[in-house]
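Residue numbers (this note's numbering): 1101 to 1333.
Every residue gets a Cβ at the ideal spot worked out from N, C-alpha and C, and that includes glycine.
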Amino acid sequence: MKRVLVIEDDPDIIELISLHLTDLDCTVEKQMNGLAGFNAAQASSFDLIILDLMLPGMDGIAICQKLRALDNFTPILMLTAKAEEFDKVLGLESGADDYLTKPFGIREFIARVKAILRRQEIHQGQSEEKQASEITRGNLHINRNNRKVTLDGNRVELTPKEFDLLCLMAENPGRSFDRDQLLSSVWGYEFNGYEHTVNSHINRLRSKIEGDLSKPQYILTTWGVGYRFNDEI
């Protein structure tokens, strides 16, 4: 059975979510305070965290950022009553894996949960050889097992999505990805209309690994298409 942590301060929503998660053969832990939810996420292992954005004690963005900073990469489905584009992008860029705006339909909620858990199973089911594999491109070294990146021997601190983008591109040098492909591959589902999220992630990633932003060495622009990893290093 999958273990799911639900951090939501609306009693009706948390009960509704818990009911449907139980129908999916999940065991559910419920927390209605942000700080208590953060502590629960750190104290035990979960297969999924369902996280409201607006919470007492600690808001969802802060919880997500702190968990990722502590190398807790449990998948997070963020819930919020806000529908503005800025809030969606902020949620994803803080490290959330998916985003659902209230009010939402139960069928869509279940579909999102199943998709996240399925991706998690695929990731966990990968062979130990692949999990432990490493990528070296020039002076850039990527260890997929511990999600560690070093450049010239110095560790580079990346967010989860920055790491996933770098890993995807570095293991496919020379292949040009358009923004839709990167959104689909890294976020795991179609997120049409938010291609600029890729741009902002690429820009931040370049700022961390490129010595000269005017002449990038690793992540190159394929004009009219998107981005590619340099296959000549």
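Can you say whether residue i is buried or exposed, counting buried as having 16 or more other CB atoms within 10 angstroms of its CB?
i               : result
methionine 1269 : buried
leucine 1313    : exposed
glycine 1311    : exposed
serine 1144     : exposed
leucine 1119    : exposed
proline 1111    : exposed
isoleucine 1333 : exposed
glutamate 1221  : exposed
glycine 1324    : exposed
For residue i, which residues from the same chain have a beta carbon less than 7 Å from its beta carbon, with the 5 sequence-adjacent residues on both sides left out?
i               : result
valine 1256     : Val1249, Thr1250, Lys1308 and Ile1309
valine 1298     : Arg1279, Leu1282 and Leu1283
aspartate 1331  : Pro1273 and Gly1274
asparagine 1243 : Glu1234
isoleucine 1216 : Leu1148, Pro1175, Leu1177, Asp1197 and Asp1198
valine 1286     : Lys1261, Asp1264, Leu1265 and Leu1268
asparagine 1239 : Leu1251 and Asp1252
proline 1316    : Arg1306 and Glu1310
Among the options, which has the Cα closest to the Cα of residue i?
i               : options                               : result
valine 1104     : Ile1150, Glu1221 and Asn1299          : Ile1150
aspartate 1252  : His1120, Leu1258, His1241 and Gln1220 : His1241
asparagine 1246 : Leu1153, Met1154 and Asn1172          : Asn1172
isoleucine 1114 : Met1101, Met1132 and Leu1170          : Met1132
aspartate 1264  : Leu1155, Glu1193 and Leu1121          : Glu1193
threonine 1259  : Ser1233, Leu1153 and Lys1166          : Lys1166
serine 1300     : Ile1333, Ala1196, Glu1262 and Thr1322 : Glu1262
leucine 1305    : Leu1155, Ile1163, Cys1267 and Ile1176 : Cys1267
histidine 1296  : Val1106, Asn1239, Gly1326 and Gly1195 : Gly1326
asparagine 1154 : Arg1212, Asp1109 and Ile1302          : Residue identity differs from the one stated: residue 1154 is methionine in this sequence, not asparagine. The shortest Cα separation from methionine 1154 among Arg1212, Asp1109 and Ile1302 belongs to Asp1109.
leucine 1190    : Ile1163, Leu1116 and Ile1210          : Ile1163
aspartate 1152  : Ala1211, Ile1117 and Ile1210          : Ile1117
proline 1156    : Lys1315, Val1286 and Ile1107          : Ile1107
threonine 1322  : Asn1303, Lys1315 and Phe1277          : Phe1277
Tell me which same chain residues have a C-beta within less than 8 Å of the C-beta of residue i, skipping the five on either side of it?
i                  : result
lysine 1214        : Leu1124
phenylalanine 1329 : Arg1237, Met1269, Ala1270, Asn1272, Pro1273, Gly1274, Arg1275, Tyr1318, Ile1319 and Leu1320
lysine 1202        : Ile1113, Leu1179, Thr1180 and Ala1181
leucine 1170       : Gln1142
isoleucine 1302    : Leu1265, Ile1319 and Tyr1327
Name the DSSP beta bridge partners of residue i, please?
i              : result
histidine 1241 : Thr1236 and Thr1250
cysteine 1126  : Lys1102
valine 1189    : In the DSSP output, where bridge partners are listed per residue, valine 1189 has none listed.
tyrosine 1318  : Answer by DSSP bridge pairing: none, since tyrosine 1318 is not bridged.
arginine 1328  : Leu1320
threonine 1180 : Thr1201
leucine 1135   : According to DSSP, which records beta bridges pairwise, leucine 1135 is partnered with nothing at all.
Using C-beta distances below 6 Å, list every residue in its chain close to residue i, excluding the 5 sequence neighbours before and after it, in chain order.
i               : result
leucine 1121    : Val1104 and Val1128
methionine 1158 : Gly1134, Leu1135 and Phe1138
isoleucine 1161 : Ser1194
Counting contacts by CB-CB distance shorter than 8 Å, is residue i in contact with chain C?
i               : result
isoleucine 1333 : The structure shown has no chain C; it contains just one protein chain.
At least 3 beta-carbon pairs within less than 8 Å: the stretch 1197 to 1215 vs the stretch 1135 to 1143: no
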